[in-house]
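The structure under discussion appears below in the form of structure tokens.
In this note's numbering, the protein residues as written are 60 to 108.
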């Protein structure tokens, strides 16, 4: 591989790693939000019985 090919591959991999990290963070936030909604609904359901 040429130096430029190596640089391009490295840059592409760095971008992909950054996107994966961002996706994981978004999934964690979504998990927290969904957990809060589920907890709130369970609390409401318990209160109304």
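For every residue, glycine included, the Cβ atom is placed at its ideal position computed from N, Cα and C.
Per DSSP, reduced to three states, the secondary structure at residue 95 is helical.
Between the C-alpha atoms of residue 61 and residue 73 there is a straight-line separation of about 18 Å. Taking C-alpha positions only, residue 91 is separated from residue 69 by approximately 33 Å.
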